[in-house]
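Take a look at the structure below.
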Amino acid sequence: MPPVAVPSQLISLLAVLLGIVILLGFLQATLKANCKSNVFRMSSGIQVKPKTAVQKSKTSPLPHSAQHATKPKPSDKLNPKTIDPFGAYTRPTSAFAAIYAKGGIPCRLVHGSVKHRLQWECLPETVPFDPLLVTLAEGLRETKHPYTFVSKEGFKELLMVDGATEKAIPLLPRLVPVLKAALAHSDDEVFGRGLDALVQLSAVVGPSLNDHLKHLLTNLSRRLMNKKFREKITVALQKLEQYGGKVS
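Quick note, the sequence shown lines up with residues 1 to 248 if you use full-length UniProt numbering.
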């Protein structure tokens, strides 16, 4: 059988196709090599930057002592807010606290297992009402222990001594503005202590308080709109009337 003659054009086309295949293979090998090189550069060029102080504070866990200090205890609800005598800031924040810190109040808080009480350095009968009774009335606006207890109990016990009426009546012009400030205080506990002190004072001075009631009734009427204090204020007004103060 005679050999088949292959056209020259077909040979040229096959040569071109073969060249294209070879070129594609070369390009594919080159791309793979470049990809591997880039991956190696990226992996070798990655550097772990040290964390800044802000990042450390955000990510690092708190020390065990800090976590223990910030975790609230169930017993915290039963403990009143107390001044820490060993704290960083022990400077008194009010006139009453400053007087108490200097020993100007002749009584101290005694912690008991059931209830607290006051221990007087001298007999309350011998203590001058001026200025102690006014100072204790000013302490009714305190919001931290032991000042809250000392001012409330001290005011009450001082009014229970013999001759308290004669000693307290001359101080009414100074006591009424202080009690008015307590009754106008935004803290509910301060208002409650001021209201109790007003009733206690009325029981001691009687009708002598009548001329001063007009300065106090405005603050009482404002709180009277609050259901929380409505009953307590109503009882207080009845006692003021009973002890000689006209409330109408």
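Yeah, the Cβ is synthetic: ideal placement off N, Cα and C, and Gly gets one too. Just so you know, these numbers come straight off a predicted model, no measurement behind them.
- [ ] Can you say whether F40 is buried or exposed, counting buried as having 16 or more other CB atoms within 10 angstroms of its CB?
- [x] The residue labelled residue 40 in the question sits at position 40 within the sequence shown. For F40, the predicted model reports a pLDDT of 45, less than 50, meaning its position is unreliable; a value from the coordinates is still stated below. So F40 ends up on the exposed side.
Task: Pairwise C-alpha distance: M225 and V110 - done: What you label residue 110 is simply residue 110 of the sequence shown in a count that begins at 1. What you label residue 225 is simply residue 225 of the sequence shown in a count that begins at 1. Spanning the two alpha carbons is a distance of roughly 37 angstroms.
Open item on the list: Tell me the rounded alpha-carbon separation between E153 and D187.
Closed with: Stepping through the sequence shown from its first residue, residue 153 is reached at position 153. Stepping through the sequence shown from its first residue, residue 187 is reached at position 187. Rounded to the nearest angstrom, the two C-alpha atoms are 19 angstroms apart.
Task: Top-ranked residue by Cα proximity to V199, from V161, L136, V134 and V235 - done: Along the sequence shown, one-based indexing puts residue 199 at 199. For the set V161, L136, V134 and V235, the Cα lying nearest the Cα of V199 is the one of V235.
Task: Buried versus exposed, by CB contacts within 10 Å (16 or more), V204 - done: Counted from its first residue, the sequence shown places residue 204 at position 204. That one is buried.
- [ ] Would you decide whether I22 is buried or exposed? Buried here means 16 or more other CB atoms lie within 10 Å of its CB.
- [x] Taking the first residue of the sequence shown as position 1, residue 22 is located at position 22. Classification of I22: exposed, given that the 10 Å Cβ count is below 16.
Task: Residues that Q119 bridges to, as DSSP identifies them - done: The residue given as residue 119 occupies position 119 in the sequence shown. Answer is R108.
- [ ] Counting only the same chain and skipping the five closest in sequence on each side, list residues whose C-beta sits under 7 angstroms from that of residue 266.
- [x] The structure shown does not extend to residue 266, since the chain is modelled only from 1 to 248, so the question has no answer here.
Open item on the list: Please report the straight-line C-alpha distance between Q119 and V150, rounded to a whole angstrom.
Closed with: Here the question's residue 119 lines up with position 119 in the sequence shown. Here the question's residue 150 lines up with position 150 in the sequence shown. Roughly 10 angstroms between the two C-alpha positions.
Task: Residue closest to E142, alpha-carbon to alpha-carbon, out of G103, P170 and S94 - done: As a working mapping, residue 142 is identified with position 142 in the sequence shown. Ranking the options by Cα distance to E142, first place goes to S94.
TODO: Go through its chain and collect everything with a Cβ distance to K228's Cβ below 8 angstroms, but skip five positions before and after it.
DONE: Position 228 of the sequence shown, counted from the first residue, corresponds to residue 228. Same-chain partners within the cutoff: D188.
- [ ] Name the two residues that bound the continuous alpha helix (DSSP H) containing Y243.
- [x] In the sequence shown, the residue the question calls residue 243 occupies position 243. Boundaries for Y243: no alpha helix (DSSP H) harbours it, and the DSSP string shows neither H nor E there.
Open item on the list: The alpha helix (DSSP H) that contains A137, what's its start and end?
Closed with: As a working mapping, residue 137 is identified with position 137 in the sequence shown. F129 to E138 is the span of the alpha helix (DSSP H), which, as asked, contains A137.
Task: H145 in three-state terms, based on DSSP - done: Counting from 1 along the sequence shown, the entry for residue 145 is found at position 145. Note: H145 maps to strand in three-state DSSP.
Open item on the list: Report the CB separation of A201 from L159 in whole angstroms; it is logged as a contact under 8 angstroms.
Closed with: Position 201 of the sequence shown, counted from the first residue, corresponds to residue 201. Position 159 of the sequence shown, counted from the first residue, corresponds to residue 159. Checking the sequence shown, residue 201 turns out to be Leu, not Ala. Indeed, because the Cβ distance is near 7 angstroms, the residues count as touching under 8 angstroms.
TODO: Taking the CB atoms as reference points, tell me whether L171 and F155 lie closer together than 8 angstroms.
DONE: Counted from its first residue, the sequence shown places residue 171 at position 171. Counted from its first residue, the sequence shown places residue 155 at position 155. Contact flag unset, no.
- [ ] Return helix, strand or coil for D188, following the three-state DSSP convention.
- [x] Here residue 188 corresponds to residue number 188 of the sequence shown, with the count starting at 1. DSSP places D188 within a helical segment (H, G or I) once states are collapsed to three.
Open item on the list: Threshold first: 4 residues or longer. Then list the alpha helix (DSSP H) segments lying entirely within the segment 157-226, N to C.
Closed with: Runs of the alpha helix (DSSP H) lying entirely within the segment 157-226, each at least 4 residues long, are 164-168, 172-183, 188-205 and 217-224 in chain order.
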